[in-house]
Amino acid sequence: MKKILISFSVFLCVLSVVNLFTDDSWNERKLASVDSTHYNDFFLDDIKPILDNRCVVCHSCYNAPCQLKLSSYEGIDRGASKKNVYASRVLGADPTRLFVDAKTTKQWRSKSFYTVKNEGKDPGLMSLMINLKKKNPHAKGDFKIDKAGYYCPSKKKFKSYTKKKKWLGMPYGLPALKPNESALIEDWISLGMPGPSISADQKLKSIKESNLNDIREWENYLNKTDIKSKISSRYIYEHLFLAHINFKKDFESKDKSAQFFRLIRSRTPSGHPVDEIATTRPYDDPKVDKFFYRFTKIHSTIVHKTHITYELSKEKMNRYNELFNSESSWLKTPEDLPEYGDIAANPFLTFKDLSPKSRYKFLLDDAHYHTKTFIRGPVCKGQVALNVINDHFHAIYVHPDKDPTVNDHSFLLNNYDKLELPAKGDNNYFKAALSNYQKGHLSYTQSKLDLYSKELNNGIGLDYIWKGKDTWNGKEKLNNQWMLTIYRHYDSSTVLRGPVGGLPKTTWLLDYPIFERIYYNLVAGFNVYGNIRHQVSTRLYMDNLRVESEDNFMSLMSLRNRSSYRSIINSGASKTLKKRNPYYNNKLQSNTGIRSNLALKEKDLILNSLYSQYGSRKHNNTVFQTLGHKKKKFVRYLPEVSMLLIEGESSSVHTIFRNKYHKNVSYMFKEEKRYDVNKDTLSFINGVATSYPNIYFKVNEEDLNKFKNDLSDIETKTEWREFKRKYAIHRMSNNFWDVHDKVQTIFNNQEKKMSALLDLNRYVNE
15 MKKILISFSV FLCVLSVVNL FTDDSWNERK LASVDSTHYN DFFLDDIKPI
65 LDNRCVVCHS CYNAPCQLKL SSYEGIDRGA SKKNVYASRV LGADPTRLFV
115 DAKTTKQWRS KSFYTVKNEG KDPGLMSLMI NLKKKNPHAK GDFKIDKAGY
165 YCPSKKKFKS YTKKKKWLGM PYGLPALKPN ESALIEDWIS LGMPGPSISA
215 DQKLKSIKES NLNDIREWEN YLNKTDIKSK ISSRYIYEHL FLAHINFKKD
265 FESKDKSAQF FRLIRSRTPS GHPVDEIATT RPYDDPKVDK FFYRFTKIHS
315 TIVHKTHITY ELSKEKMNRY NELFNSESSW LKTPEDLPEY GDIAANPFLT
365 FKDLSPKSRY KFLLDDAHYH TKTFIRGPVC KGQVALNVIN DHFHAIYVHP
415 DKDPTVNDHS FLLNNYDKLE LPAKGDNNYF KAALSNYQKG HLSYTQSKLD
465 LYSKELNNGI GLDYIWKGKD TWNGKEKLNN QWMLTIYRHY DSSTVLRGPV
515 GGLPKTTWLL DYPIFERIYY NLVAGFNVYG NIRHQVSTRL YMDNLRVESE
565 DNFMSLMSLR NRSSYRSIIN SGASKTLKKR NPYYNNKLQS NTGIRSNLAL
615 KEKDLILNSL YSQYGSRKHN NTVFQTLGHK KKKFVRYLPE VSMLLIEGES
665 SSVHTIFRNK YHKNVSYMFK EEKRYDVNKD TLSFINGVAT SYPNIYFKVN
715 EEDLNKFKND LSDIETKTEW REFKRKYAIH RMSNNFWDVH DKVQTIFNNQ
765 EKKMSALLDL NRYVNE
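Just remember that the numbering used here sits 14 ahead of the position in the sequence shown, which is counted from 1.
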């Protein structure tokens, strides 16, 4: 029955959006749009802000309940589906990406999407949902929105579905719309739920002149016809297909609004309407004789969880030329264009002629972006998908000038067959994942260590780690992305620049082959619509990459501490790890000059040395740092992500992460048995630092010390409940929307042109 409640999140905004149109083309929206003075911008100016702030907060992504995406009028028009994108399935599902996999209402109906509109005088789901909420504004229920297994009722089943569940009105699990909002929505319904007027729609989708100039320049650059340019453009595209791209000139302009774009493959060249080629993966066969890389504007409401940004500029184009068009960019002149399809899942084969160092520098230049794609991308949804990582760790990178795997040009060429990824055999890889891949991985690891022994016979020190320094077009450039901090929040994750929080238990040291494999495993090669075999093999593959990254970091430690450190961070899994991922690197010396008799102490000394070289730790909150690492009982009661609104002369928002301590992250299931709640820690971070608040706390500035003391004094569940009654904002509180709106406004001001909507799918139900 719990699964049934979730289905109604399909309507948490359905009520505002339900009147779908059945015209055959969104490009012929004259039937849906009222182009008159009275209605000119009614949808965009009056209705869409309500949908954005009350509905899109849950209905915007792959896990939008019932796939009802309300971030654009096209999503409203498409409607809802009973199919769950994240379902466990034996067979893969057909993709249903809005704007990509179907172009007309009729096509969406053929893909099992159904209308949520009024049909003539017969009230549709929206009207039914509004009335249900009006009649039962305070009904209590188990509002666990973001769970697998939605049951999405049709209008015919609505009455029986809600007979005993009066709490399923819209907004689902949240307070009712305010009277003025409800009145506007009802007016919209009575008018036939018009979309934007033709002129307003054209304006919404129009592109600034400055951006048009940049687009023309970049499309010309990416569509050069010589073989080297074709291969390098493909490499760029396969790494940017998930990005929300902006142009630097746009951000430097006085215009308050910013425009973002997707880089796609189109059947049509520049100067013509975009005709996107729909493929599941960026390296799938486009099945056309000729295609073109194009930019298409994102006109739907932008939400933070998918807002993974990447900036293009003249400086970036010059950098691409330096990386991909110089004499050192190619190991040899390619004779043929690489193939598409499953074989292209292995980037070490596809781009074998392109210098590994150039590829690695491309990744390092925007390490924060590339890491976010696999930490916040579609693969990272769900507890099992994410329990391969710890709740708090750093990522650092091998210096490209000191990475033997890229400086020995023959190494990857001779070992690419050992580096195959799960996506190569989407349906059949599962059986091989525990045998053939494991053998290949172990063989590769041994080959890499043989190479290290030869090339690094004097050992490795802290200079082996990239500190962000590089030369761009003859000028020295310092990059602040050389150390990242990753937080896991049970079923979502966050990536921040620099060292944030306290000293983590583990750190990843990534070399080029690890970085590239993680990306192609979790992003380019991951199919969110794939079957259970694909999902499991992706998870198992990632386990090896995590261990390899942690083992790389251990190479900085003295030989005597490596074994004990590995046992500590994999407590309870040492025997499994020795069998599955034996540690070979017991000969390579460390010359960091840092030594301690205790493994964890030596790890901390190494990190502190790196922290001092990084410099500023701007994200860390000094107001709460005294609470962050106290092993006190109150920590265990907090959810994974809390946001604290401090109201005063200058109101502010702060993020509180609870970092659960895992004895190990070596297994897919029974995670709760590997917690050590007594070792949990907290990280207090200035500003909004994640997409998914689990709970809001609100306190006046003058009461902040009392808030801290009350929190620190919690020792029992009863005291925790009393603390929440005093400071927390329950999801059904009368002031919930006021607090949420304040948090969102502060976040918008914090991010300026990069602002995006927070997601309420994971707000606690307590």
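Here a beta-carbon is modelled for each residue, glycine too, at the ideal position from N, C-alpha and C.
Just how far apart, CA to CA, sit residue 278 and residue 307?
Counted from its first residue, the sequence shown places residue 278 at position 264. Counted from its first residue, the sequence shown places residue 307 at position 293. So the alpha carbons of these two residues sit roughly 6 Å apart.
Sub-8 Å separation of residue 249 and residue 103 beta-carbons:
Locating residue 249 in the sequence shown gives position 235, where the first residue counts as 1. Locating residue 103 in the sequence shown gives position 89, where the first residue counts as 1. The answer is no: Cβ separation not under 8 Å.
Count Cβ pairs between the stretch 698 to 714 and the stretch 658 to 669 that sit closer than 8 Å; are there 3 or more?
yes
What number of angstroms, rounded off, separates the C-alpha of residue 473 from the C-alpha of residue 357?
On the sequence shown, position 459 is the one that residue 473 refers to. On the sequence shown, position 343 is the one that residue 357 refers to. Each residue's alpha carbon lies about 37 Å from the other.
Report the residue ranges of all beta strand (DSSP E) runs contained in full by the stretch 710 to 736; include only those spanning at least 3 residues, in chain order.
none
Are residue 771 and residue 70 close, meaning C-beta to C-beta below 8 Å?
The sequence position of residue 771 within the sequence shown is 757, counting from 1. The sequence position of residue 70 within the sequence shown is 56, counting from 1. Yes, they are a contact pair.
Residue 324 versus 362, 299 and 381, residue with shortest Cα-Cα distance:
The residue given as residue 324 occupies position 310 in the sequence shown. Among 362, 299 and 381, the Cα nearest to that of residue 324 is on 381.
Burial state of residue 801 (16 or more Cβ within 10 Å)
The structure shown does not extend to residue 801, since the chain spans only 15 to 780, so no value can be given for it.
Distance between residue 377 and residue 384 (C-alpha atoms, nearest Å):
Counting from one through the sequence shown, the residue named residue 384 turns up at place 370. Counting from one through the sequence shown, the residue named residue 377 turns up at place 363. For residue 384 and residue 377, the distance between alpha carbons rounds to 7 Å.
Figure out for me which residue from 112, 405, 466 and 724 has the closest Cα to the Cα of residue 422.
Taking the sequence shown and counting its residues from 1, one reaches residue 422 at position 408. The shortest Cα separation from residue 422 among 112, 405, 466 and 724 belongs to 466.
Start and end residues, alpha helix (DSSP H) containing residue 202
Residue numbering aside, residue 202 sits at position 188 when the sequence shown is read from its first letter. Its alpha helix (DSSP H) spans residues 193 to 204.
To which residues does DSSP link residue 307 through a beta bridge?
One-based indexing of the sequence shown puts residue 307 at position 293. Residue 307 is bridged to 279.
Who pairs with residue 661 in a beta bridge, going by DSSP?
Locating residue 661 in the sequence shown gives position 647, counting from the first residue. Per DSSP, 714.
Tell whether a beta-carbon distance below 8 Å holds between residue 591 and residue 680.
Counted from its first residue, the sequence shown places residue 591 at position 577. Counted from its first residue, the sequence shown places residue 680 at position 666. Going by C-beta atoms, residue 591 is nearer than 8 Å to residue 680.
Between which residues of its own chain and residue 541 is the CB-CB distance below 8 Å, once the five residues before and five after are set aside?
Stepping through the sequence shown from its first residue, residue 541 is reached at position 527. Once the five neighbours on either side are set aside, the close Cβ partners of residue 541 are 106, 294, 295, 437, 440 and 548.
How about residue 641 and residue 577: are their beta carbons less than 8 Å apart?
Here the question's residue 641 lines up with position 627 in the sequence shown. Here the question's residue 577 lines up with position 563 in the sequence shown. The answer is no: Cβ separation not under 8 Å.
Among the candidates 742, 756, 76 and 79, whose CA atom is the shortest distance from the CA of residue 778?
As a working mapping, residue 778 is identified with position 764 in the sequence shown. Taking only the C-alpha atoms, the option nearest residue 778 is 742.
Euclidean distance between Cα positions of residue 114 and residue 172:
Taking the sequence shown and counting its residues from 1, one reaches residue 114 at position 100. Taking the sequence shown and counting its residues from 1, one reaches residue 172 at position 158. Using only the alpha carbons, I get a separation of about 30 Å.
Spatial neighbours of residue 26 within its chain, please: C-beta separation below 8 Å, excluding the five flanking residues on both sides.
Residue mapping note: residue 26 aligns to position 12 of the sequence shown, counting from 1. Note on residue 26: pLDDT 38, under 50, position unreliable in the model; the coordinate value appears next. Here the set comprises 69, 72, 73, 79, 159, 184, 185, 186, 187 and 188.
Less than 8 Å between the CB atoms is what I'm expecting for residue 671 and residue 655, so what's the real figure, rounded?
Translated into the one-based positions of the sequence shown, residue 671 becomes position 657. Translated into the one-based positions of the sequence shown, residue 655 becomes position 641. Correct: roughly 6 Å between the Cβ atoms.
Please specify which runs of the beta strand (DSSP E), each continuous and at least 3 residues long, are wholly inside the stretch 446 to 517, giving them in chain order.
483 to 486, 489 to 492, 497 to 502 and 507 to 511
Which runs of the beta strand (DSSP E) at least 3 residues long sit entirely within the stretch 309 to 343? Give them in chain order.
323 to 326
Quick check on residue 271: buried or exposed, where buried means 16 or more other Cβ atoms within 10 Å of its Cβ?
By 1-based counting over the sequence shown, the position of residue 271 is 257. Exposed, because fewer than 16 other Cβ atoms sit within 10 Å of the Cβ of residue 271.
Is residue 384 helix, strand or coil when you go by DSSP?
Here residue 384 is taken as the residue at index 370 of the sequence shown, counted from 1. Correct three-state label for residue 384: helix.
Does DSSP put residue 576 in a helix, a strand or coil?
What you label residue 576 is simply residue 562 of the sequence shown in a count that begins at 1. Three-state result, residue 576: helix.
Would you call the stretch 578 to 586 and the stretch 613 to 620 touching, i.e. three or more CB-CB distances under 8 Å?
yes
What are the start and end residues of the beta strand (DSSP E) that includes residue 260?
Within the sequence shown, residue 260 is the residue found at index 246, counting from 1. Element bounds for residue 260: 258 to 261.
According to DSSP, is residue 59 part of a helix, a strand, or is it coil?
In the sequence shown, counting from the first residue as 1, residue 59 sits at position 45. Helix at residue 59.
Quick check on the DSSP output: the alpha helix (DSSP H) that includes residue 671 runs from which residue to which?
Within the sequence shown, the letter at position 657 stands for residue 671. Note, residue 671: premise wrong, no alpha helix (DSSP H); beta strand (DSSP E) at 666 to 673.
Spatially closest choice to residue 122 from 149, 90 and 665, by CA coordinates
In the sequence shown, the residue the question calls residue 122 occupies position 108. When only C-alpha atoms are compared, the closest one is 90.
N-terminal and C-terminal residue of the alpha helix (DSSP H) that residue 87 is part of:
Working through the sequence shown from its first residue, we reach residue 87 at position 73. Segment 87 to 92, the alpha helix (DSSP H) holding residue 87.
Cβ atoms of residue 412 and residue 484: under 8 Å apart, would you say?
The residue labelled residue 484 in the question sits at position 470 within the sequence shown. The residue labelled residue 412 in the question sits at position 398 within the sequence shown. For residue 484 and residue 412, no; Cβs fall outside 8 Å.
Pick helix, strand or coil for residue 537, following the three-state DSSP scheme.
Translated into the one-based positions of the sequence shown, residue 537 becomes position 523. It is helical.
Among the residues of its own chain, which have a CB less than 8 Å from the CB of residue 403, if the five just before and after it don't count?
Counting from one through the sequence shown, the residue named residue 403 turns up at place 389. 500, 502, 507, 560 and 679.
Check whether the stretch 315 to 330 and the stretch 255 to 263 touch, using three or more Cβ-Cβ pairs below 8 Å as the test.
yes
Where does residue 581 sit, in a helix, a strand or coil, going by DSSP?
Residue mapping note: residue 581 aligns to position 567 of the sequence shown, counting from 1. In the structure shown, residue 581 sits in a helix (DSSP, three-state: H, G or I).
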